[in-house]
Amino acid sequence: MALKEGLTATQEMIVGEQNTAKYHGSGKLDVYATPAMVAFMEGTAVACIDANLEEGMDSVGIQIDTKHIKASKLGAKITCTAKLVKVDGKKLSFEIEAADEDGQIGSAFHVRYIIDPVKFMSRL
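With the first letter of the sequence shown counted as 1, position 26 gets the number 26 in full-length UniProt numbering; the numbers rise by one all the way through.
Right, here's the structure in full:
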């Protein structure tokens, strides 16, 4: 496995109606929803490691501790950066930050585990 502490990934997206609190049911306003930010953060962590996982392996998220500290409007550009900060066997820990054009909007600590998807799905 080529997973090393310090790997990073950055992704960008534009806040659309499908990303709002109103759409997600987490509020009534047309602002960037916390659930949308959390999903974007998790997806950025996946992007950080996917190319470095052994063939046939995948990862699942098991923990995300998130702070959403500032609202972002429709049309805002959101940039998310995930950094792999610890590799402990199959347990991967990330620090993640999200920002819009005006600065930081959120941060998270996220844990994922490397899994064999066939074995994982057979246990369900």
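Every residue gets a Cβ at the ideal spot worked out from N, C-alpha and C, and that includes glycine.
Does DSSP put residue i in a helix, a strand or coil?
i	result
Met41	helix
Asp30	coil
Met13	strand
Asp116	coil
Ala108	strand
Along the alpha helix (DSSP H) that carries residue i, what are the first and last residues, could you check?
i	result
Ala21	21 to 24
Lys70	Looking at the DSSP string, Lys70 is not in any alpha helix (DSSP H), and its letter there is neither H nor E.
Lys91	Run containing Lys91: none in the alpha helix (DSSP H); it sits in the beta strand (DSSP E), 91 to 100.
Whole angstroms is fine: what's the gap from residue i's alpha carbon to residue j's?
i	j	result
His24	Val46	22 Å
Ser72	His110	22 Å
Ser122	Glu95	31 Å
Cys48	Leu124	27 Å
Ala2	Ser59	14 Å
Met57	Met37	26 Å
Tyr32	Gln104	13 Å
residue 188	Lys4	This structure gives no information on residue 188, because the portion of the chain shown stretches from 1 to 124.
Along the beta strand (DSSP E) that carries residue i, what are the first and last residues, could you check?
i	result
Lys86	77 to 88
Beta-carbon separation of residue i and residue j under 8 Å?
i	j	result
Leu84	Leu74	no
Lys90	Tyr113	yes
Gly81	Glu97	As written in the sequence, residue 81 is Thr, which differs from the Gly given in the question. Taking 8 Å as the Cβ cut-off, Thr81 and Glu97 qualify as a contacting pair.
Ile64	Met41	yes
Ala99	Thr44	no
Ile78	Val15	yes
Could you tell me how far apart the beta carbons of residue i and residue j are, in whole angstroms, since I believe they sit closer than 8 Å?
i	j	result
Ser107	Lys67	5 Å
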